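There are 2 protein chains.
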Amino acid sequence: MRVFSSDTGGKFFLPYDRLILATGARSRKLGIPGEEARNIFTLKEMSDGLRIRNFIDRYNPRKAVIVGAGNISLEVAEALRDRGIETTLLYRGKFPYSGLEPELGPIIVKELEDRGVRYLGEVQPRFFETDGQKAQQLVTDQGVFSADLFFVGVGVIPNSEIAREAGIIVGKSGGIQVNSLMQTSEPNIWAAGDCCEKLHRVTGQPTLVPLGDVANKEGRVAGENAMGGHSEFHGIVGAACVKIFGLEIGMAGINEAQAKKMGFPVITQIVEGTSRAGVYPGASPTLLKIVADQSSGRLLGGNWIGRDGEARKINVLAVALHQGMTLEAISRLDLAYAPPFSPVWDPLLIAANLLKRKTGNRQ
Amino acid sequence: MRVFSSDTGGKFFLPYDRLILATGARSRKLGIPGEEARNIFTLKEMSDGLRIRNFIDRYNPRKAVIVGAGNISLEVAEALRDRGIETTLLYRGKFPYSGLEPELGPIIVKELEDRGVRYLGEVQPRFFETDGQKAQQLVTDQGVFSADLFFVGVGVIPNSEIAREAGIIVGKSGGIQVNSLMQTSEPNIWAAGDCCEKLHRVTGQPTLVPLGDVANKEGRVAGENAMGGHSEFHGIVGAACVKIFGLEIGMAGINEAQAKKMGFPVITQIVEGTSRAGVYPGASPTLLKIVADQSSGRLLGGNWIGRDGEARKINVLAVALHQGMTLEAISRLDLAYAPPFSPVWDPLLIAANLLKRKTGNRQ
């Protein structure tokens with residue numbers, strides 16, 4: 000079988016009855032001068048990772064600067080610190096991880112600093128100064144940062160150009176539009192993964208969510224339908240989790256700022272708790288923030304941060320969001336309790352109980 | 000204020016407008032000869048725990064025999080091993096923890112044995128041989144077990160006698176009957192906690208669940224209503240978790256045997272997985288078994304066992320059970336994924352996807 004290859008620049012015509020676009024996404028670039036220097040890395044494919052590792056093995060860099068503070072940048076920061084490399088993280092926002100509630104920000108910054116990562120927020124990169132081959136420093140509006148290795152982790156762009164060129168509808172997000180069958184605007188063409196939009200069940204809007212588990216599920220749906228079967232992908236609720244050194248963060252739904260922007264009458268509740276019953280050895284502090292629609296009482300989202308398996312608790316919110324549960328219903332949940340795993344009153348139950356008093360639909 | 004005191008044997012008449020019964024439960028006894036010896040312990044109150052600790056501190060026992068293998072017995076076994084005491088656990092069932100699926104049994108037995116606890120199942124205690132003060136051995140149908148300390152953890156009995164004597168309706172379970180307001184059959188008398196029955200939302204039947212978090216929630220409902228407010232307790236789904244040495248077990252709903260006994264057309268699915276993405280350091284094996292109603296596709300229950308925060312995942316099933324979700328709906332959930340926290344396909348999604356094929360309501 001002949002395959003279209005962009006490496007050779009050649010073009011091949013490959014006939015099809017049914018086509019699945021799984022073109023993925025590519026690393027976003029900063030779009031500033033000097034960015035092509037060979038010690039500036041991004042990370043999307045396995046080969047990118049190997050390239051970074053090879054560079055470290057060969058050149059033994061002592062200082063690194065990371066631009067961006069999402070999943071990938073934070074994981075790269077941890078990996079670089081594990082290699083003993085002095086690491087600075089620069090981010091355009093005030094706190095790391097753009098989708099998170101700002102109340103989590105200081106906790107994350109403290110963890111980064113405790114683990115030897117220097118963090119600077121509200122930084123705008125201007126250009127890299129290079130010697131032609133390698134970048135030597137990054138010039139920003141907040142000063143000049145020199146390093147032996149630079150990493151740029153500022154998100155991904157869907158590879159939807161091939162679809163757009165073929166006349167397939169591409170959404171405002173830049174992702175290929177699909178229905179719940181993962182079918183594009185062309186009936187015999189399906190799409191799956193980071194190249195296409197997903198329905199966000201909380202907002203009802205299409206969104207981009209470049210996550211492996213979502214792509215994996217979509218691929219199965221697209222494949223089954225392309226082969227004449229019937230399967231549907233029913234959208235996402237924005238459930239995700241990330242480990243930042245010893246911190247665990249879970250998130251689901253939309254945050255307060257997003258909810259306000261969408262016009263929801265927003266109420267929020269923060270609960271600080273512990274990961275285990277207070278008397279149980281190993282209990283560590285946790286913080287939960289939930290966001291709800293004041294008029295309907297419906298949960299809109301939440302962030303949960305802690306150290307002791309807390310990230311795994313976010314899926315309770317994910318199911319509640321999937322089901323469109325209200326605070327009243329959430330406050331009635333029977334959740335498993337034992338001293339090694341949670342306080343008697345789960346922080347989510349406390350939050351729902353407190354916040355439901357502010358809603359219009361109290362029973 | 001004068002308080003009824005059973006310690007003095009005195010009786011006081013305490014007038015009330017509204018009364019809340021929160022009489023709790025007491026440890027069940029084996030009801031065999033010799034059980035009153037002073038080195039045979041149960042554990043329900045803090046004072047029971049202090050009594051055991053004082054006995055250990057004073058007499059330095061070298062061998063212990065535990066009868067029973069529920070939450071309390073298993074936690075006592077761990078505590079005794081921590082004190083270096085040779086511990087044997089005897090249980091009437093084949094595998095520890097009566098409500099669990101039998102597939103978890105060998106995993107738990109292995110953990111007990113790996114941690115130095117000798118386990119024998121299908122044992123019927125006959126009597127204790129005592130020297131008048133202390134028991135020296137427990138005679139069973141499977142042989143004679145000598146020890147310096149004996150522990151009996153075979154469940155609790157609701158303290159519902161006071162209600163029964165007052166003409167309040169007590170259910171077949173032995174717990175005080177209450178409605179969703181925690182009101183007994185006498186309008187001005189409420190009840191809460193281990194002394195009363197709870198509605199099991201999966202079966203629709205009243206049941207006994209002597210757990211602290213449930214009692215705590217019920218107490219608030221009873222108190223609010225007794226003071227003229229309005230609050231409801233909407234029942235339980237059997238969500239619980241337990242730590243057995245390094246093992247974590249979560250359970251929710253009803254098990255296969257219980258479901259069959261209740262006449263559900265039962266289908267089950269076991270999924271063996273890992274706690275993290277396979278490539279991620281620290282991944283450990285997990286086992287999930289779910290039980291569903293074949294005709295409606297509704298989830299009826301599940302057990303989850305593992306080592307690495309797995310018990311915290313059971314609450315996803317707890318919410319699904321609370322909402323009466325079908326396997327089809329569960330299979331569509333967007334759950335948070337990151338390599339340190341789960342495989343790309345969460346075992347619950349795999350289980351629901353596999354099992355929904357056996358139901359009558361596939362989309």
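In order, the protein sequences belong to chains A and X.
Under my numbering, residues 0 to 362 are what the first sequence spells out, in order.
Under my numbering, residues 0 to 362 are what the second sequence spells out, in order.
All C-beta atoms, glycine included, are put in the ideal place defined by N, C-alpha and C.
As the structure is a computational prediction, the values presented were derived from the model and not from experiment.
Rounded to whole angstroms, what's the CA-CA distance from residue i to residue j? Just pull it up for me.
| i | j | result |
| --- | --- | --- |
| Gln182 of chain A | Leu210 of chain A | 19 angstroms |
| Gly166 of chain A | Leu320 of chain X | 45 angstroms |
| Lys243 of chain X | Gly115 of chain X | According to the sequence as given, residue 243 of chain X is Ile; it is not Lys. Looking at the two C-alpha atoms, the distance is approximately 12 angstroms. |
| Leu18 of chain A | Gly131 of chain A | 43 angstroms |
| Val318 of chain X | Val236 of chain A | 16 angstroms |
| Asn352 of chain X | Pro342 of chain X | 15 angstroms |
| Leu354 of chain X | Tyr15 of chain X | 54 angstroms |
| Leu29 of chain X | Leu42 of chain X | 14 angstroms |
| Ala238 of chain X | Val153 of chain A | 41 angstroms |
| Trp344 of chain X | Ala225 of chain A | 22 angstroms |
| Leu198 of chain A | Ser46 of chain X | 56 angstroms |
| Ser5 of chain A | Gly301 of chain X | Reliability fails at Ser5 of chain A, whose pLDDT of 49 lies under 50, so the model's placement of it is uncertain and the value that follows must be treated cautiously. The alpha-carbon atoms of Ser5 of chain A and Gly301 of chain X are separated by roughly 49 angstroms. |
| Leu286 of chain A | Asp147 of chain X | 46 angstroms |
| Ala251 of chain A | Gly83 of chain A | 33 angstroms |
| Phe12 of chain A | Arg200 of chain X | 59 angstroms |
| Val270 of chain X | Asn59 of chain A | 44 angstroms |
| Thr129 of chain X | Gln136 of chain X | 7 angstroms |
| Glu185 of chain A | Leu103 of chain A | 43 angstroms |
| Ile313 of chain A | Glu121 of chain A | 28 angstroms |
| Tyr90 of chain A | Arg311 of chain X | 33 angstroms |
| Ala258 of chain A | Ser97 of chain A | 14 angstroms |
Across which residues does DSSP place residue i in a beta bridge pair?
| i | result |
| --- | --- |
| Trp189 of chain X | X:Ile19, X:Gln182 |
| Pro284 of chain A | A:Thr273 |
| Ser145 of chain X | X:Gln136 |
| Ser46 of chain A | None, per the DSSP bridge assignment. |
| Phe127 of chain X | X:Leu137 |
| Thr267 of chain A | A:Val290 |
| Ile39 of chain X | X:Phe149 |
| Glu85 of chain X | X:Lys62 |
| Val155 of chain A | A:Ser26 |
| Cys195 of chain A | A:Ile175 |
Less than 7 angstroms between C-beta atoms, sequence neighbours within five positions excluded: which residues of the same chain meet that for residue i?
| i | result |
| --- | --- |
| Leu332 of chain X | Leu348 |
| Leu79 of chain X | Ala63, Thr86 |
| Met261 of chain A | Thr202 |
| Val241 of chain X | Asn70, Leu73, Ile248 |
| Ile39 of chain X | Phe127, Ala134, Phe149, Val151 |
| Val169 of chain X | Ser159, Ala162, Arg163, Ile175, Gln176 |
| Glu100 of chain A | Asn254, Glu255, Lys288, Asn302 |
Whose C-beta lies closer than 6 angstroms to the C-beta of residue i among residues of the same chain, with five residues either side of it excluded?
| i | result |
| --- | --- |
| Ala76 of chain A | Ile65, Thr86, Leu88, Val116 |
| Pro32 of chain A | Phe126 |
| Ala221 of chain A | Ile19, Met181, Trp189, Ala191 |
| Pro374 of chain X | The first residue shown for chain X is 0 and the last is 362, placing residue 374 of chain X beyond what the model contains. |
Going by DSSP in three states, residue i sits in which element: helix, strand or coil?
| i | result |
| --- | --- |
| Ser172 of chain A | coil |
| Glu74 of chain A | helix |
| Pro14 of chain X | coil |
| Val122 of chain X | coil |
| Ile106 of chain A | helix |
| Arg163 of chain A | helix |
| Lys259 of chain X | helix |
| Arg117 of chain A | strand |
| Arg25 of chain A | strand |
| Ile31 of chain X | coil |
| Glu112 of chain X | helix |
| Arg91 of chain A | coil |
| Leu79 of chain X | helix |
Leaving aside the five residues before and after residue i along the sequence, list all residues of the same chain whose C-beta is less than 8 angstroms from its C-beta, in chain order.
| i | result |
| --- | --- |
| Lys216 of chain X | Phe232 |
| Gly173 of chain A | Ile156, Pro157, Ser159, Leu207 |
| Thr273 of chain X | Ala282, Ser283, Pro284, Thr285, Pro342 |
Can you find a CB in chain B that lies within less than 9 angstroms of the CB of residue i?
| i | result |
| --- | --- |
| Cys240 of chain X | Although the question refers to chain B, the structure presented lacks it and instead comprises the protein chains A and X. |
Review point. Fully enclosed by the stretch 199-256 of chain X, which beta strand (DSSP E) runs are 3 residues long or longer?
Key: 239-243, 246-252
Check your understanding: Where in the stretch 294-360 of chain A do unbroken runs of the beta strand (DSSP E), each at least 3 residues long, occur, reported from the N-terminal end onward?
Key -> 298-305
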